[in-house]
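So the sequence lines, in the order shown, correspond to chains A and B. Position one of the first sequence corresponds to residue 1 (my numbering), numbered consecutively onward. Position one of the second sequence corresponds to residue 1001 (my numbering), numbered consecutively onward. Okay, structure first, notes after.
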Amino acid sequence: MGERSSEPRIFRERWLLGGLFLLLGAQYVWLFLSRRIPSHHDSLDVYVIAHLFSTQSAQGGGLLAWFPYSTHGVLSSWHVGFLGFVHIALLGAGALTRACNAVPLFHLAMLFEDVVLLLGTWRLSRVFLRSGASKFLVTVSVVGSSWWMQQLWHNHRPAYAIPLVLSLFHDFLEEGRRSRLFLAVNLLFLQLLGNLPYVAVMVHVMVGAYLILYVGLFRRRLGPLWARIRPRPQDALWLLPNLLVLGCLYTTLTSGTREIAFAVHGRQADGTVPLTEFLTFSGGLDPVRYADLLVGVNPGVDFSLYCGVAILPFAVLAPVLRPTRAVLFFVVCFLLALLLSLGYLSAVGMPAYLLPPVRLFRYISLTSTHTRLPLCFLAGFGLDAFVRLRGRAPTSIRRLALAMTTLGFVCGLYFLTFATGRQDGPEVGRFLQGNEQSADALARAFGGAGALALLTAALLFTYIRHPGHLQAVAAALVILNAVDMARWRVGLTRDRTKSLTADEYAAQRLDALPYVPRRSEASGDPRRLRVFDRVELAKGTSYDTIENYYHRDLPASEFYASHWMLPFDRLLRAYAATPIDRGPSPSPLILLPPFPPIKAPYDRIMGKARDKLQVFATAHAPASDQETADLMNRPGYSGDVLFVDPGSGGGPGRGPIPAPGADEHLDVAVETLSFDGNHLRVRTRASKGAWLLYCDAWHSHWSATVNGHEVPLARAFLAYKAVPLEEGENTVEFRMDSALRLWTFRVAALNAALWVAGIAVLAAASLGALDGVRRRRSGPPGLR
Amino acid sequence: MTPSTGAAGSARVDSRWIWIVLLLLTGSYFVFLLGDHRAPAGQETAAYFGWLQSTTGHPLLGILLDELILLVGVWLLARSLFTDPRTWFFVSVAAIGSSLWIDAVGSNFRSFHALPLLLHLMREVRASRSPAALLAALNLAGLQALGKPPAQALFAPLSALLLLLVFRRFLDPRPASTVDTRRIPAAIAVGVVSWIPIAVLHWTGSGDSVGAGTPPHNGAVWPHPGCLLDLLCGMAVLPDFTLYCGMLTLGFAVLALSSLGLPPSLRLLGEAGTILLLPVLVSALVGRPFPSLSAPLGRLLLIFLAGVGVDRWLQRRPFPRLAFPLVGVGLLLLAGGLFYLSIQVPTTPDLKGAAAGIFGGGSRDRVSPLLDDRNTVRELLDISGMWALFASGLFFLAGAGRRAAPLAIALALLLHPLDVFGWKMRITFLRTQGEGEVHQQRRPLTASHWPPAGEPKDNIALGRPESAWRRGAFFLLGVNALLWIAGLAMIAVRQATRPSFETPAAGTDHG
């Protein structure tokens, strides 16, 4: 497959691709100069997580394995997967990024993903489309519509690598190139990096469905190629490295997570969701939201559908003007993705649930992201057919021009409605599905969409009256679409992101994480606390991870905590006076208003009324966690006696438990020597038999040394860490050790870094070496 | 008339795959029900399921068998009436997909589920005087009476006779080779004898019906004409019956009428209307009239009428020049109307009252409690609007010329099952409760529902000692049912293994 026409298109394609890079680059230059970052919702969460990991790496601490200020310390395993390729590659750069600011690094990471999307879409469009104009149209729309500033998880990351994966699969299917199969599978597996695991699963399902449909519809064409693509024994050499990477990814993301208490509503113990939940969570299923394809108001905070003013008209033209098998293929892809996104309203979601991996997925309405790619390709087919029209304009063009005129006037009416201050009529309120947008923003959106629709109609009428101007009209429509995408994307970014001031920008430097000695509302970096509007944060789903960014250690965060460590869960149970091993987990929110203030002795135990580092004259080992909880809840107990679990790795033997009023707490200073997410080093003096308590959650990957000697790390007060001290001066170090996790991560990071380099090479080759590219073998006309 | 479209014409389609897809579609619905342990949440079917579970085990298996009887009947009938296997597919999908039994198993499904097979067997008898077909028809006429009040038991056989009479110009089979007619009296005798166990159950039972049928409590009132709107919007507002059978079915039915011309169309509609009065008359004769019992028969007639349109389209038969665009415009207007209604939902103060006014003549008790949930109503209106929009686009595409016809056909065959089965699954989802329901945080989709229609009549006298007569009758009926299951399985396997590329001769090729 490839270029078949004799027109001097190769030269033009290079310029078109260069133009695409320029358009993309200009947007990122604007982002960089205006210092824009996500202001709330899940994209902010990604920014914060990237910031935390980068900080740890920049300070020479390697991979951040622990978030110290989330729910009393929590494992970061799952969050590693949230980082994109560039951030993961940068973690290896370590100290090189010490003086860096997190904002440009974040922009760089997103630019990389947009470049992957751009190159992938361009390559895929070369498989199916003829004219350079249609490839340009499709690529502009696919890249432009993948807006990531608000809901990166569902609106960008599931889609950005799919075109490149598919184009690599096509290279294999059409040309039998094994290396491309290896790369496609590798990139597909690496989708576990940068995505939520269940989103990555859906990416795999989408790619699988695409390939099955493609092979099914084009089986006769692919039949003769079977000899080249059939499995061979040496394919194991391609497969094994990919399986190794997959294993490394799995280990990196899951190592140590058995000790996590998972509290996401609606998920079952094994992480799957029931059918009812799968088909309805979290609402927003109404198909009317697809009307956004016409106007680009972007009603929801979680998804966007708009792909440009010319996409829907050309997509509608494709089946009429070019009713080929390839068009049928993309229509089916579009329909299946659309119907899946309707949840219980369609017949697609229920059979899809039969696939075991799909049972991990929630937010079915957000699979609407996957409708954009096939829709844009349909538009490409429509444009391909449009530029080849001869003679009088067909009836379908006339109808389309009338429809666009109607759309223009309808948008105009809405524009007037908002421009004159009537901002929330019932119809629009319903269409917008509750997303709050200013009247100005809505007026701008409807005004722009209306004007562009009328302009499109005018261009179509021009062609109808002057068929000889067809090529000029087509070029104008393509340019109009590119301008529209830039307008839409810039408008959204301006309305829904934050432009940092110089002071706020300075606060984004990758400075070392400070140690917070006591859990307190007063903790936190005041510069960072001022950056984001907390009311705005509360609107989106903001996670408690952000407290680490704020350098704020609280008994409980007001933001959403989806998981915490099992030992802390036991402490919460003791606090709530519920059975230690049974029943649902209490939420950490019970430590916040409107619940009563943290009662004694838990305010001391949790490092709120006392420092998180405390020294006790000795430690005692109750027989069980339940007994520990009962002892902590005894009347008169003041938190001055340390209880540890001997089964957790070390501690005193069983002995008599002191009376509730006993005081074994030592008023000894503990000096902090060094601190980061993975370790804490302190110095203190102690008497014989004394113990040091560190109110940070216990986990089996933590270890401790006292004066350089390895000591067992005991679980204290059900949740925390404690070590026995030596008589005299003690230098104690708590350290997070997980060699398996570290090395598997390094393999995955190396793989990601190779992709970063590879994409850079591919981009350069696409721009500079196109004229040297040999014409690839053409496919039969049916495909195009 | 001039042809307005070129169609796929003589594409050779292997009916085996189509049949297998149909079986998979039918089966997938039950996989969904079984997989999520879904059970009816209210109304007649819930009471019926409760009763069956206490006696015979999982009631879904019985329903699956009944759906297979309907599927086989529609498939065989379509095979003998239409020329193109894709039309058989279209008609079968519409018939199975629109048969919703989750609320009113009796009035909306079982009253007519055996009719297509019965009709097919009677045509076979007329065509070939086959004693086997006659015996099967008589036996089926008796067996389908199980689970119904006596009046309902008469609907299918009487309707089949009436249809053969009224639509004889369509339904009369071409004479086939006649088999030995000397065995016909024996077949009649055996067929009639096969009714004896049913009669025994009836006469030794305590009630007035055979099995567990429960008359619909709302159907006894003459329905408001507005209930016909269910055909257009698929809201399934009323408890006793549903009319929706797909947007494409509507469009092709209109196309079929347009191809006949106005006077024949009016006559056809009049004849169909006459037939639809049959359940009303029969139920009126034995008590109160139940007009809603005509709904499944009406759906079947509409579906086969649409089959005429589809078959003509696939066979490149002529249609009026503007037929396709006009149907497209009609469906576009329908989509617009549904979206408009959806827009009005948030501002309508008494949504249920308004719906009751439109669909149920003002009686709030007669409409679904789901109407209390505005989100659900909006979603249902919008999804129907979306399908009307898609169907409209398809008819525009189909009218766009010969080049687009293959694509239009492929899309029609894809969209139609997605539309009809999507409707069946979402209504089922809303009106059943699955095991995951406790986790649902969005809204209590199925918590509110019609109250159960009352305990079914215990005509088989649970818990009391059975007489030898009754035990014998049960045994014989069990054997009889097993024979039917084996027969249906054989037909299913045969249809899946024997290719059929050509048009079967009516009355001679029935699988």
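Even for Gly, the Cβ is constructed at its ideal location relative to N, Cα and C.
Looking at C-beta atoms only, is the number of pairs between the stretch 161 to 174 of chain A and the stretch 199 to 216 of chain A that lie closer than 8 Å three or more?
-> Contact between the stretch 161 to 174 of chain A and the stretch 199 to 216 of chain A is present, because at least three Cβ pairs lie under 8 Å.
Kindly indicate if chain A contains any beta-carbon less than 8 Å away from that of I1485/B.
-> Output row for I1485/B: interface = no.
Cα-Cα, which of T254/A, T367/A and L321/A is closest to S304/A?
-> Minimum Cα distance to S304/A is reached at T367/A.
Counting only beta-carbon atoms, is M1247/B nearer than 8 Å to chain A?
-> Residue contact check for M1247/B against chain A: no CB pair falls below 8 Å.
Counterpart residues of G728/A in DSSP-defined beta bridges = Partner(s): A686/A.
Paired residues, beta bridge with I37/A - DSSP = Its beta-bridge partners are K498/A.
Buried or exposed for M202/A, please, with buried defined as at least 16 other CB atoms from any protein chain shown within 10 angstroms of its CB.
-> Buried is the call here.
With burial defined as no fewer than 16 other Cβ atoms inside 10 Å of the residue's Cβ, what is the status of I311/A: buried or exposed?
-> Buried, since its Cβ has 16 or more Cβ neighbours within 10 Å.
Contact between the stretch 145 to 158 of chain A and the stretch 290 to 310 of chain A: three or more CB pairs below 8 Å?
-> A contact is defined here as three or more CB-CB pairs under 8 Å, and the stretch 145 to 158 of chain A meets this definition with respect to the stretch 290 to 310 of chain A.
Residues in its own chain within less than 6 Å of P233/A by CB, not counting five upstream and five downstream?
-> The beta carbon of P233/A sits closer than 6 Å to no other beta carbon from its chain once the five residues preceding and following it are set aside.
Using a C-beta to C-beta distance shorter than 7 Å, which residues of chain D count as neighbours of L1397/B?
-> No chain D appears in the structure shown, which is made up of the protein chains A and B.
Looking at the C-beta of D323/A, does it have a partner C-beta in chain B at a distance below 8 Å?
-> Reading the sequence as shown, one finds Pro at residue 323/A and not Asp. Answer yes: the Cβ-Cβ gap between P323/A and chain B drops below 8 Å somewhere.
Specify whether the stretch 484 to 504 of chain A and the stretch 69 to 86 of chain A touch according to this definition: at least 3 beta carbon pairs, one from each stretch, less than 8 Å apart.
-> Cβ pair count under 8 Å is below three, so no.
In the DSSP assignment, what residue or residues form a beta bridge with P635/A?
-> None; P635/A has no bridge partner.
How about the stretch 1396 to 1413 of chain B and the stretch 1314 to 1325 of chain B: do they share at least three Cβ pairs that are nearer than 8 Å?
-> The stretch 1396 to 1413 of chain B vs the stretch 1314 to 1325 of chain B: in contact.
Simplified DSSP assignment, three categories, for F262/A | If DSSP states are grouped into helix, strand and coil, F262/A belongs with the strands.
Sorted by chain position, which residues of the same chain lie with C-beta nearer than 8 Å to V1158/B's C-beta, five sequence neighbours on each side aside?
-> The question names Val, yet the displayed sequence has Leu at residue 1158/B. L1278 and V1282, listed in sequence order.
Could you please give the first and the last residue of the uninterrupted alpha helix (DSSP H) stretch that includes C100/A?
-> Per DSSP, C100/A belongs to no alpha helix (DSSP H) and is neither H nor E.
With DSSP run on the structure shown, which of helix, strand or coil describes Y210/A?
-> DSSP places Y210/A in helix when its eight states are reduced to three.
Quick one: grab the DSSP three-state call for F136/A.
-> It is helical.
Is G607/A closer than 8 Å to F67/A when the C-beta atoms are compared?
-> In this structure, G607/A does not lie closer than 8 Å to F67/A by Cβ.
How about I1102/B: is its C-beta nearer than 8 Å to some C-beta of chain A?
-> By this cut-off, I1102/B is not an interface position.
Residue environment, T1214/B, which counts as buried when at least 16 other CB atoms sit within 10 Å = For T1214/B, the predicted structure reports a pLDDT of 44, less than 50, and the residue's modelled location is therefore unreliable. A value from the coordinates is still provided. That one is buried.
So is P1264/B buried or exposed if we call it buried at 16+ other beta carbons inside 10 Å?
-> By the 10 Å Cβ count, P1264/B comes out exposed.
Determine, using beta carbons only, whether A749/A and G92/A come nearer to each other than 8 Å.
-> Yes.
Label Q151/A either buried or exposed according to how many other C-beta atoms from any shown protein chain fall within 10 Å of its C-beta, with 16 as the threshold for buried.
-> When all chains shown are included, Q151/A counts as buried.
Neighbour flag for G19/A against chain B, beta carbons, 8 Å = Not closer than 8 Å to any Cβ of chain B, the Cβ of G19/A fails to qualify, so no.
Name the residues in the stretch 328 to 350 of chain A whose C-beta lies less than 8 Å from a C-beta of chain B; which are they?
-> Answer set for the stretch 328 to 350 of chain A: L328, V331, V332, L335, L339, L342, Y344, L345, S346, A347, V348 and M350.
Can you tell me the Cβ-Cβ gap for A1187/B and P1131/B, rounded? I've got them flagged as a contact below 8 Å.
-> By a beta-carbon distance limit of 8 Å, A1187/B contacts P1131/B. Their separation comes to about 4 Å.
Should M1490/B be labelled buried (16 or more other beta-carbon atoms within 10 Å of its own) or exposed?
-> Note on M1490/B: under 16 other CB atoms within 10 angstroms of its CB, so exposed under the neighbour-count rule.
Chain B contacts made by the stretch 284 to 305 of chain A, where a contact means CB separation under 7 Å = Look at the stretch 284 to 305 of chain A: the residues with a C-beta under 7 Å from a C-beta of chain B are L285, D286, P287 and V288.
Measure the C-alpha to C-alpha separation of P374/A and L572/A and round it to an integer number of angstroms.
-> Rounded to the nearest angstrom, the two C-alpha atoms are 49 Å apart.
Under 9 Å between beta-carbons, which chain B residues line up against S396/A? List them in chain order, please.
-> For S396/A, the residues of chain B that pass the 9 Å Cβ criterion are F1396 and A1400, in the order they occur in the chain.
Check whether the Cβ of A486/A lies closer than 7 Å to any heavy atom of the ligand COA, and answer yes or no.
-> Questions concerning the ligand COA fall outside what the structure shown contains, since it holds no ligand whatsoever.
Scan the stretch 298 to 380 of chain A and note each continuous alpha helix (DSSP H) run of 4 residues or more that stays entirely inside, going in chain order.
-> List check, alpha helix (DSSP H) in window: 311 to 321, 325 to 340 and 349 to 352.
P1406/B at chain A interface by Cβ criterion, 8 Å = Taking Cβ atoms only, chain A reaches closer than 8 Å to P1406/B, which makes this a yes.
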